[in-house]
Structure formats: structure tokens, C-alpha cells
Amino acid sequence: MTLRQVVEEIEASTGLRAYVHAQEFDGGEVGVRPDDSVVAASVFKVPVLVEACRQMAAGELDATRMIELAPEDFPVMGSTGIAAFVDPVSISLRDLCLSMMSVSDNRATDVVMDAVGLDRINEMLRGLGLTRTVLEGDCAALFATISDDLGMGTGTEFDLLARGEEALLGARALDAERTNRTTPRETSQLLGRIWTEDGIAPEACAEARRILRLQVWPHRLRSGFPDDEILVSGKTGTLPFVRNEAAVVEYPDGARYAVSVFLRTPSPATVSPRFDRAIGEIAAAAVAELRSA
0 MTLRQVVEEI EASTGLRAYV HAQEFDGGEV GVRPDDSVVA ASVFKVPVLV
50 EACRQMAAGE LDATRMIELA PEDFPVMGST GIAAFVDPVS ISLRDLCLSM
100 MSVSDNRATD VVMDAVGLDR INEMLRGLGL TRTVLEGDCA ALFATISDDL
150 GMGTGTEFDL LARGEEALLG ARALDAERTN RTTPRETSQL LGRIWTEDGI
200 APEACAEARR ILRLQVWPHR LRSGFPDDEI LVSGKTGTLP FVRNEAAVVE
250 YPDGARYAVS VFLRTPSPAT VSPRFDRAIG EIAAAAVAEL RSA
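In numbering that gives the first Met the number 0, the protein residues as written are 0 to 292.
As C-alpha cells, this is what we get:
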């Protein structure tokens with residue numbers, strides 16, 4: 000089946016809506032709604048990583064500088080990495096970038112963004128021609144909009160589903176015009192630039208590739224490529240009603256593909272293996288179509 004046929008079948012059986020783009024670095028591209036604006040969720044951490052690696056490669060930031068964090072520093076909702084720590088921590092900027100990407104550590108993300116600068120990230124994106132990828136704020140700012148929109152106070156921990164699905168769907172964090180956003184095509188293009196070192200310093204690209212290859216979760220896009228010889232390097236993104244992953248898929252024959260899959264799901268559930276598998280199925284169909292061409 001073609002990518003579009005696979006997407007239509009999955010959408011009909013699950014009620015989700017998919018936004019997809021895939022490109023072979025030295026060949027063609029395929030997509031379904033590839034230029035629609037989508038909620039980035041934690042996929043926004045990819046441009047954060049790129050700008051951090053650019054500044055470290057240029058000597059503007061010291062990758063080995065140890066950052067001391069007390070429990071009250073950079074509080075943010077999150078259950079992975081140092082976001083879940085309750086004791087003081089000392090960690091290098093480079094390893095903060097690793098935690099940000101490998102386990103989607105929200106607190107590490109906010110520390111890195113504080114060092115890098117939100118304006119510098121958006122300036123970098125515009126310089127690369129990715130004008131529809133825009134970051135409005137860090138993780139704490141994103142959750143603050145949810146808290147504000149749902150009238151839930153300012154604590155770092157709250158039940159996102161407590162106010163009901165209808166109220167949640169009106170939150171800015173789930174509106175692709177009012178939150179951190181991108182398009183499937185631009186996300187694939189950014190990944191492609193990292194792998195081909197197009198417009199980004201080679202040293203920065205090498206470090207970004209190293210970190211992206213260390214993601215720990217194989218249950219989404221990776222599930223479509225169950226072969227140890229196929230390398231998948233990516234970043235997930237999750238919010239209620241939002242389930243994403245963007246990755247580079249590298250085959251033993253040397254072919255490389257950037258694949259971006261963004262889902263709007265009919266359920267706000269954070270645990271949903273069917274939607275996770277859908278990302279893998281869609282990604283596999285996109286790459287299969289490119290390889291057959």
C-alpha cells in the first residue's frame with residue numbers, strides 16, 4: 000500500500016489524524032498534509048539541541064561547564080531525567096543536552112534554553128529558512144499556559160485531564176498557532192540538515208547526531224523498523240491529544256531518510272500503545288514508498 004492508503008486506513012480504524020513527511024537525503028519525498036502547522040510538543044527540543052550544539056561548537060558555550068542546580072532551580076512538570084530529581088545535582092551542559100533528548104527531560108531542556116536563549120533558537124530557524132517552525136517558550140512556559148487556560152494554579156504538578164477534554168482542547172498548548180509549532184516538512188528538513196551538515200557547522204552536526212542516536216524509546220517510530228541493522232535516531236513528543244516522533248532512519252545500504260509523523264488523537268490518554276504503533280506503521284510505509292521508487 001502507498002503511504003496515503005496506510006494513513007487513510009489507520010485514520011479510519013482509530014479516529015486519529017496524521018500529518019506526515021518523509022524525504023530521502025539523495026532522492027524524493029512523500030507526505031500527507033506535510034505543510035500543515037502542527038503542535039510540536041517535545042519535538043521542539045530538536046531545534047533547541049541544534050542551537051546549543053552550534054553555540055558549543057563556536058565556543059560561545061562551554062560544553063563541559065558544570066551547572067549546579069538546587070531542587071528549587073528550574074522547577075517544571077516532568078517524570079524523566081533531572082526533572083524527577085529531588086536532590087541537588089551537578090551536570091555539564093553537554094550532558095544536559097543528552098538528557099533533554101534521550102529521555103525528553105523537561106528540566107534539562109529549560110536549563111539549556113536559558114543558556115542558549117529563545118531568541119537565538121528562532122533566529123537560527125529563520126536563517127535556515129524554516130520560517131514556520133517557531134518556539135514560543137520553554138517547558139515551564141508551555142505548562143504555565145495550560146495551568147492558566149484551565150485555571151489550575153501555578154504548581155509544577157497537576158492533572159492535565161482533571162478539567163475534562165473539552166476544556167483541555169481549548170488550551171493554547173494544543174493550538175498549533177499559539178504554541179511551539181512546526182510542520183512535518185520543516186522538521187524533516189531540519190533533521191536532513193543535521194545529517195548532511197547543510198548550513199550548520201560540521202562539529203555541531205556531529206554532536207547533534209551523537210545525541211539523537213541515544214534516544215531510549217523504541218515503541219513509536221522505531222517499531223516500524225524492527226531490524227538491528229537499521230539505525231533510528233529521533234525525538235518523541237507527547238501532550239494530551241498529541242503524539243509525535245521525528246527521526247532519521249539509516250539503512251545498511253547507505254540510504255538515509257528523515258521521517259516526521261505528527262498525530263492528533265481522539266483520546267487524551269498518555270498511555271496508548273495503538274497510537275504509538277501507528278507512528279511506526281506510518282513511518283515504515285513512508286520509507287517503503289521512497290525505497291520502492
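Each residue gets a CB set at the ideal place from its N, CA and C atoms; glycine is no exception.
Under the three-state DSSP convention, the category residue i falls into
| i | result |
| --- | --- |
| Ser304 | The structure shown has nothing for residue 304, since the chain only spans 0 to 292. |
| Ala40 | helix |
| Gly116 | coil |
| Glu164 | helix |
| Phe24 | coil |
| Leu262 | strand |
| Arg16 | strand |
| Val270 | coil |
| Val29 | strand |
| Val133 | strand |
| Gly126 | helix |
| Thr1 | coil |
| Met100 | helix |
| Gly150 | coil |
| Ala170 | coil |
| Ala287 | helix |
| Ala140 | helix |
| Ala292 | coil |
Cβ pair residue i, residue j closer than 8 Å
| i | j | result |
| --- | --- | --- |
| Ala277 | Leu15 | yes |
| Ala257 | Leu190 | yes |
| Gly236 | Ala39 | yes |
| Leu149 | Leu167 | yes |
| Leu97 | Leu213 | yes |
| Val115 | Glu50 | yes |
| Ser89 | Ala62 | no |
| Thr186 | Ala282 | no |
| Val110 | Leu68 | yes |
| Val5 | Ala284 | yes |
| Arg219 | Thr182 | no |
| Gln188 | Leu95 | no |
| Leu173 | Leu117 | no |
Straight-line Cα distance separating residue j from residue i
| i | j | result |
| --- | --- | --- |
| Gly223 | Arg255 | 15 Å |
| Ala203 | Gly30 | 28 Å |
| Arg221 | Cys138 | 25 Å |
| Lys44 | Thr1 | 30 Å |
| Phe240 | Ser101 | 22 Å |
| Val260 | Asp104 | 21 Å |
| Gly198 | Arg125 | 12 Å |
| Gly279 | Pro87 | 38 Å |
| Gly26 | Phe274 | 29 Å |
| Ser78 | Pro265 | 24 Å |
| Glu288 | Gly253 | 17 Å |
| Leu211 | Ile193 | 10 Å |
| Val133 | Asn243 | 17 Å |
| Val146 | Ala83 | A small fix is needed here, since residue 146 is Ser in this sequence, not Val. Answer to the nearest angstrom: the Cα atoms are 20 Å apart. |
| Val85 | Pro70 | 6 Å |
| Asn121 | Gln54 | 14 Å |
| Glu23 | Arg209 | 20 Å |
| Met99 | Leu127 | 22 Å |
| Gly169 | Ser271 | 22 Å |
Presumed contact (8 Å Cβ cut-off) between residue i and residue j, rounded CB distance
| i | j | result |
| --- | --- | --- |
| Met123 | Pro46 | 7 Å |
| Ser232 | Val215 | About 12 Å separates the two Cβ atoms, so there is no contact after all. |
| Ser36 | Arg180 | 5 Å |
| His20 | Arg184 | 4 Å |
| Arg106 | Gly80 | 7 Å |
| Ala200 | Ala56 | 5 Å |
| Tyr18 | Arg3 | Between Arg3 and Tyr18 the Cβ distance is about 13 Å, and since that is not below 8 Å, they are no contact. |
heavy atom of the ligand HEM below 7 Å from residue i C-beta
| i | result |
| --- | --- |
| Leu262 | As presented, the structure is devoid of all ligands, the ligand HEM included, so that no description of it is given. |
Every unbroken alpha helix (DSSP H) within the stretch 172-259, with a cutoff of 4 residues, ordered by chain: 183-195, 201-211
Complete runs of the beta strand (DSSP E) confined to the stretch 33-97 [at least 3 residues]: 65-68, 88-91
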